[in-house]
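K.L.:
For the sequence shown, position 74 matches number 74 in the UniProt record's numbering, and the numbering has no gaps at all. Can you keep this structure in mind? I'll have questions shortly.
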Amino acid sequence: MTPGDVGLLACPSCRGALTWEGRTRAGRLDEGRLGCDGCGADWPVVEGLPRLFEEGQVRGTDRLMRVLYDGLPALHDPLVTLLMPLLQGDTEARLRGHYIRRLELGTLTPRPRGPPLRVLEVGIGAGANLPLLEQELPPGLDVEVWGLDLSAGMLGRCRRRVEREGRRGVRLLMADAHALPFPDHSFDRVFEVGGINGYRAPERALAEMARVARPGTPVVVVDEQLDARERALHHRLAFRLLTFYTKDAHCPRELLPATAVDVLAEQFCRYYFCLTFRMPAARPARSGRGRAGAASFHR
Numbered sequence: 001m002t003p004g005d006v007g008l009l010a011c012p013s014c015r016g017a018l019t020w021e022g023r024t025r026a027g028r029l030d031e032g033r034l035g036c037d038g039c040g041a042d043w044p045v046v047e048g049l050p051r052l053f054e055e056g057q058v059r060g061t062d063r064l065m066r067v068l069y070d071g072l073p074a075l076h077d078p079l080v081t082l083l084m085p086l087l088q089g090d091t092e093a094r095l096r097g098h099y100i101r102r103l104e105l106g107t108l109t110p111r112p113r114g115p116p117l118r119v120l121e122v123g124i125g126a127g128a129n130l131p132l133l134e135q136e137l138p139p140g141l142d143v144e145v146w147g148l149d150l151s152a153g154m155l156g157r158c159r160r161r162v163e164r165e166g167r168r169g170v171r172l173l174m175a176d177a178h179a180l181p182f183p184d185h186s187f188d189r190v191f192e193v194g195g196i197n198g199y200r201a202p203e204r205a206l207a208e209m210a211r212v213a214r215p216g217t218p219v220v221v222v223d224e225q226l227d228a229r230e231r232a233l234h235h236r237l238a239f240r241l242l243t244f245y246t247k248d249a250h251c252p253r254e255l256l257p258a259t260a261v262d263v264l265a266e267q268f269c270r271y272y273f274c275l276t277f278r279m280p281a282a283r284p285a286r287s288g289r290g291r292a293g294a295a296s297f298h299r
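Here it is, written out as structure tokens:
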């Protein structure tokens, strides 16, 4: 992340603008702090990673899952690649491809003016989705990919992957899905995979993803849900092991913002759902005149 990227960030406490003070290396943030112009909070930058979250708010299943991911970052992706065909009866690439297509990346077009196109992955982990994003994006389209996670171990793996594969335009930071450190309507696509059922307040995380997405853009959320048609005992036992962190792993359609539109909830494989929705553009204020005089309102 560069000093110029700081302009897209916002204080996770008050959404105020942030200013950078510290040391850079090769034009990127290295060590220092991000100070909030609004509430005066300080957010550290350590080894190039902004830490834009309140440690006291990381509790319950959030803290448990962070401990697990920090403890086995090198094993996570290989285990997924190995176990996915055994558990789901399909390859990892085909299963990931389903929800990546729901992002409709192929419909993105260059913006003639204003900020560049931006995609946000909440809970980026070790970056397994990065190659699929590249495959689905139109050739030559300049797109920034922003990824956040609460696990320093997983982000470390992701950063090494980005460097090893020579990927440009990837920004990484530590942040909490319940308080995304961005202004409203910052991203052209937003998605999250494998976290929502374990969040301490999933309705809040869904509202945050809806807030930072541009109106009309797809927001895609994926996590565990057992196919209602599944009767095999060994599949039910395997699902119970996968979802040890909760007794109610399911598609949280009922927790979406009330104004969400184009809602699509799919059971796209034995153990996972894919939930897609959009937020409508706010209608412009209208003015009218009646017996009570002039008035303006939003619909």
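Yeah, the Cβ is synthetic: ideal placement off N, Cα and C, and Gly gets one too.
1) Counting Cβ pairs closer than 8 Å, one from the stretch 134-144 and one from the stretch 101-115, do we hit at least three?
2) Measuring alpha carbon to alpha carbon, tell me which of 97, 60 and 12 ends up nearest residue 268.
3) Would you mind giving the Cβ-Cβ distance between residue 28 and residue 48, rounded to the nearest angstrom? I have them listed as a contact below 8 Å.
4) Short of 7 Å in beta carbon distance, which residues of its chain neighbour residue 266, apart from the five on each side in sequence? Order them along the chain.
5) Quick one: grab the DSSP three-state call for residue 274.
6) Helix, strand or coil for residue 267 per DSSP?
7) Whose CA, out of 276, 172, 173 and 126, lies closest to the CA of residue 221?
8) Taking residue 302 as the reference, which of 155, 194, 258 and 22 has the closest Cα?
9) Spell out the partners DSSP gives residue 280 in its beta bridges.
10) So residue 149 and residue 169 are supposed to be a Cβ contact under 8 Å. How far apart are they, rounded?
11) Judging by CA-CA distance, which residue of 60, 130, 68 and 19 is the nearest neighbour of residue 44?
12) Compare the beta carbon distance of residue 186 and residue 8 with 8 Å and say whether it is the shorter of the two.
13) Please state whether DSSP places residue 33 in a helix, a strand or coil.
14) State the CB to CB distance for the pair residue 270 and residue 235, rounded to an integer number of angstroms; the pair is presumed to be in contact (CB under 8 Å).
15) Within this structure, are the beta carbons of residue 263 and residue 189 separated by less than 8 Å?
16) Would you mind giving the Cβ-Cβ distance between residue 42 and residue 16, rounded to the nearest angstrom? I have them listed as a contact below 8 Å.
17) Thinking just about the alpha-carbon of each residue, which of 251, 39, 171 and 160 is nearest to the one in residue 203?
18) Please list, in chain order, all residues of the same chain as residue 290 whose beta carbon is under 6 Å from its beta carbon, the five residues on each side excluded.
19) Measure the C-alpha to C-alpha separation of residue 60 and residue 244 and round it to an integer number of angstroms.
20) Kindly indicate the opening and closing residues of the alpha helix (DSSP H) around residue 7.
21) So is residue 254 buried or exposed if we call it buried at 16+ other beta carbons inside 10 Å?
22) Would you kindly check if the distance between the Cβ of residue 258 and the Cβ of residue 208 is under 8 Å?
23) Smallest Cα separation from residue 50: which of 77, 145, 125 and 5?
24) Give the range of the alpha helix (DSSP H) segment to which residue 174 is assigned.
25) Relative to the C-alpha of residue 109, which residue among 2, 140, 128 and 90 is closest?
26) Anyone know if the C-beta pair for residue 183 and residue 175 falls short of 8 Å?
27) Between residue 219 and residue 239, what straight-line distance do the alpha-carbon atoms span, to the nearest angstrom?
28) Rounded C-beta distance between residue 121 and residue 147? I'm assuming under 8 Å.
29) If the criterion is Cβ atoms closer than 8 Å, does the pair residue 1 and residue 164 meet it?
P.N.:
So, from the data block:
1) Between the stretch 134-144 and the stretch 101-115, the count of Cβ pairs shorter than 8 Å is three or higher; the stretches touch.
2) Mapped onto the sequence shown, residue 268 falls at position 268. When the alpha-carbon of residue 268 is set against those of 97, 60 and 12, the nearest one is in 97.
3) Taking the sequence shown and counting its residues from 1, the one referred to as residue 28 is at position 28. Taking the sequence shown and counting its residues from 1, the one referred to as residue 48 is at position 48. Contact flag correct, Cβ pair sits at about 6 Å.
4) The residue labelled residue 266 in the question sits at position 266 within the sequence shown. Within the same chain, 273 and 274 come within 7 Å of residue 266 by CB-CB distance, once the 5 residues on both sides are set aside.
5) If you number the sequence shown from 1, residue 274 lands on position 274. Note: residue 274 maps to strand in three-state DSSP.
6) In the sequence shown, the residue the question calls residue 267 occupies position 267. Looking at residue 267 - three-state DSSP - the assignment turns out to be strand.
7) Your numbering for residue 221 matches position 221 in the sequence shown. Distance from the Cα of residue 221 is smallest, within the candidate group 276, 172, 173 and 126, for 276.
8) Residue 302 falls outside the range modelled here, since the chain spans only 1 to 299, and no answer is possible.
9) Locating residue 280 in the sequence shown gives position 280, where the first residue counts as 1. According to DSSP, which records beta bridges pairwise, residue 280 is partnered with nothing at all.
10) Translated into the one-based positions of the sequence shown, residue 149 becomes position 149. Translated into the one-based positions of the sequence shown, residue 169 becomes position 169. Between residue 149 and residue 169, the beta carbon gap of about 18 Å keeps them out of contact (Cβ cut-off 8 Å).
11) Counting from one through the sequence shown, the residue named residue 44 turns up at place 44. Measuring from the Cα of residue 44, the nearest candidate turns out to be 19.
12) Residue numbering aside, residue 186 sits at position 186 when the sequence shown is read from its first letter. Residue numbering aside, residue 8 sits at position 8 when the sequence shown is read from its first letter. The Cβ-Cβ distance between residue 186 and residue 8 falls below 8 Å.
13) The residue given as residue 33 occupies position 33 in the sequence shown. Strand, per DSSP.
14) Numbered from its first residue, the sequence shown carries residue 270 at position 270. Numbered from its first residue, the sequence shown carries residue 235 at position 235. About 6 Å; that satisfies the 8 Å criterion.
15) Walking along the sequence shown from the start, residue 263 turns up at place 263. Walking along the sequence shown from the start, residue 189 turns up at place 189. With contacts defined as CB atoms closer than 8 Å, residue 263 and residue 189 fail to qualify as a contacting pair.
16) Numbered from 1 along the sequence shown, position 42 holds the residue referred to as residue 42. Numbered from 1 along the sequence shown, position 16 holds the residue referred to as residue 16. For a cut-off of 8 Å, the C-beta gap from residue 42 to residue 16 is around 12 Å, too long to register as a contact.
17) Counting from 1 along the sequence shown, the entry for residue 203 is found at position 203. The shortest Cα separation from residue 203 among 251, 39, 171 and 160 belongs to 251.
18) The count along the sequence shown starts at 1 and reaches residue 290 at position 290. Legend: pLDDT at residue 290 = 40, less than 50; position of this residue unreliable, no value from coordinates given.
19) As a first step, residue 60 must be located in the sequence shown, where it is residue number 60. As a first step, residue 244 must be located in the sequence shown, where it is residue number 244. Near 13 Å, if we compare the C-alpha coordinates of residue 244 and residue 60.
20) Here residue 7 corresponds to residue number 7 of the sequence shown, with the count starting at 1. Looking at the DSSP string, residue 7 is not in any alpha helix (DSSP H), and its letter there is neither H nor E.
21) By 1-based counting over the sequence shown, the position of residue 254 is 254. Residue 254 counts as exposed, since fewer than 16 other C-beta atoms from the protein chains shown sit within 10 angstroms of its C-beta.
22) What you label residue 208 is simply residue 208 of the sequence shown in a count that begins at 1. What you label residue 258 is simply residue 258 of the sequence shown in a count that begins at 1. No, the pair does not count as a contact, with Cβ atoms beyond the cut-off.
23) Translated into the one-based positions of the sequence shown, residue 50 becomes position 50. Here the closest residue by C-alpha is 5.
24) Counting from one through the sequence shown, the residue named residue 174 turns up at place 174. Premise fails: residue 174 lies in the beta strand (DSSP E), 170-175, not in any alpha helix (DSSP H).
25) Counting from 1 along the sequence shown, the entry for residue 109 is found at position 109. The candidate whose alpha carbon is nearest that of residue 109 is 140.
26) Residue 183 sits at position 183 when you count from the first residue of the sequence shown. Residue 175 sits at position 175 when you count from the first residue of the sequence shown. Taking C-beta atoms as the reference points, residue 183 and residue 175 fail to come closer than 8 Å.
27) Reading the sequence shown from its first residue, position 219 is the one you call residue 219. Reading the sequence shown from its first residue, position 239 is the one you call residue 239. Cα-Cα distance, rounded: 25 Å.
28) In the sequence shown, residue 121 corresponds to position 121, counting from 1. In the sequence shown, residue 147 corresponds to position 147, counting from 1. Distance from residue 121 to residue 147 at the Cβ level is roughly 5 Å; contact confirmed, criterion being Cβ atoms closer than 8 Å.
29) The residue given as residue 1 occupies position 1 in the sequence shown. The residue given as residue 164 occupies position 164 in the sequence shown. No. Outside cutoff.
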